[in-house]
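**Q** In our numbering, the protein residues as written are 1 to 252.
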Amino acid sequence: EHGVYDVPAMIDHIVQVTKTPRVSCIGHSMGNAAFMIMLAMRPEYNDKVQMFVGMTPYAVARTVMNTRRRLFIPYVLKLLSKNKNTNPTNFYRRRKINPLVGLCWSFPQLCAWAIPRIFGSPVDENYWRLIPVLLGYVPSGSSNKNFVHLLALRNANFVQYDYGTKQNLVRYNSTSPPAYNLTNVRVPVSLYYGETDLLVGIKGMEDQVRALPNVVKTIIVPKYNHVDFLLGSNTREALYTPIIKDLDNYGS
1 EHGVYDVPAM
11 IDHIVQVTKT
21 PRVSCIGHSM
31 GNAAFMIMLA
41 MRPEYNDKVQ
51 MFVGMTPYAV
61 ARTVMNTRRR
71 LFIPYVLKLL
81 SKNKNTNPTN
91 FYRRRKINPL
101 VGLCWSFPQL
111 CAWAIPRIFG
121 SPVDENYWRL
131 IPVLLGYVPS
141 GSSNKNFVHL
151 LALRNANFVQ
161 YDYGTKQNLV
171 RYNSTSPPAY
181 NLTNVRVPVS
191 LYYGETDLLV
201 GIKGMEDQVR
211 ALPNVVKTII
221 VPKYNHVDFL
231 LGSNTREALY
241 TPIIKDLDNY
251 GS
């Protein structure tokens, strides 16, 4: 739904308000998946996009997982799938009192220990000071269905949501979900990956570059993990300056 409805609606609104026929888009993590889904499912939006810049693009996200991760993910999928409510739950909704924020304020070293094991080693030693700020907004507005889909992409190609054999037959006329047609993503694409990112590995990076027909640039940012793209102290030099150059070169 993010890719089929939300992103196109935002682009249409920007085009209407600014009277600019085409826009450039920048995405982080699952924002890349939403953008790729939009052009795969609604290729007419290639005409409204000048270029796309993807930071740690969680789309074709296959990565080599250790044994603990391989054993853990099926249990998480089973737990999330038990809740059939696909609207944001209390866990995902922004609240005045967020228990995750309180936990990280009270036990900062616990969060500092957990983050590298989930996202990869950070570029900054003092990144944990910003974690409570980040948790004040993330994962607000998400849903169980969204996380089930994202976790499933780690073990599969870039495919649509898996509703199970019976519902897949009804929705897709196939027992398994079909792959998104990434050859429809015709706009120039610039991709930035993190060297220590545990969510988007080298395998996923290589697969994604091969799947997209118009990748103009691929950069591996040294020492960056998945959240350093949001919390890193040197993002201006490592990201923003080269991204602006990309927009100047390909987005005008």
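We put the CB at the ideal spot given by N, CA and C, even for glycine.
Please read these numbers as outputs of a predicted model, since none were measured by experiment.
Within 10 angstroms of its Cβ, does residue 91 collect 16 or more other Cβ (buried), or is it exposed?
**A** Taking the first residue of the sequence shown as 1, we reach residue 91 at position 91. Note that residue 91 scores 48 on pLDDT, short of 50, meaning its location in the model is unreliable and no value can be drawn from it.
**Q** Kindly indicate which residue of 229, 183, 18, 167 has the alpha-carbon position closest to the one of residue 199.
**A** Taking the sequence shown and counting its residues from 1, the one referred to as residue 199 is at position 199. Out of 229, 183, 18, 167, 229 has the C-alpha closest to the C-alpha of residue 199.
**Q** For residue 190 and residue 149, I'd like the C-alpha separation in whole angstroms.
**A** What you label residue 190 is simply residue 190 of the sequence shown in a count that begins at 1. What you label residue 149 is simply residue 149 of the sequence shown in a count that begins at 1. If you take the alpha carbons of residue 190 and residue 149, they lie about 24 Å apart.
**Q** Just verifying my parser: in three-state terms, what is the DSSP assignment at residue 3?
**A** The residue given as residue 3 occupies position 3 in the sequence shown. In this structure, residue 3 counts as helix in the three-state DSSP scheme.
**Q** Closest to residue 27 by CA distance: which of 56, 151, 186 is it?
**A** On the sequence shown, residue 27 is found 27 positions in, with the first residue counted as 1. Comparing Cα-Cα distances from residue 27 to each of 56, 151, 186, the minimum goes to 56.
**Q** What does DSSP give as the partner residue(s) for residue 30 in the beta ladder?
**A** Here residue 30 refers to the residue found at position 30 when the sequence shown is read from its first residue. Per DSSP, none; premise fails for residue 30.
**Q** By the 10 Å Cβ neighbour count, where 16 or more other Cβ atoms means buried, how is residue 185 classified, buried or exposed?
**A** Numbered from 1 along the sequence shown, position 185 holds the residue referred to as residue 185. Residue 185 is buried by the Cβ-count criterion.
**Q** Within this structure, are the beta carbons of residue 158 and residue 60 separated by less than 8 Å?
**A** Here residue 158 corresponds to residue number 158 of the sequence shown, with the count starting at 1. Here residue 60 corresponds to residue number 60 of the sequence shown, with the count starting at 1. Yes, these two residues count as a Cβ contact at 8 Å.
**Q** For residue 1, count neighbouring C-beta atoms within 10 Å of its own C-beta (all shown protein chains included) and say buried if the count is 16 or more, exposed if not.
**A** Indexing the sequence shown from 1 puts residue 1 at position 1. Residue 1 should be labelled exposed.
**Q** Buried or exposed: residue 167, going by 16 or more other Cβ atoms within 10 Å of its Cβ?
**A** Your numbering for residue 167 matches position 167 in the sequence shown. Residue 167 is exposed by the Cβ-count criterion.
**Q** Between the stretch 13–27 and the stretch 37–57, can you find at least three pairs of beta-carbon atoms closer than 8 Å?
**A** Taking 8 Å as the limit for Cβ pairs, the verdict is that the stretch 13–27 does touch the stretch 37–57.
**Q** Taking only runs of the beta strand (DSSP E) that begin and end inside the stretch 214–246, which ones reach a length of at least 3 residues, in chain order?
**A** You should have 215–221.
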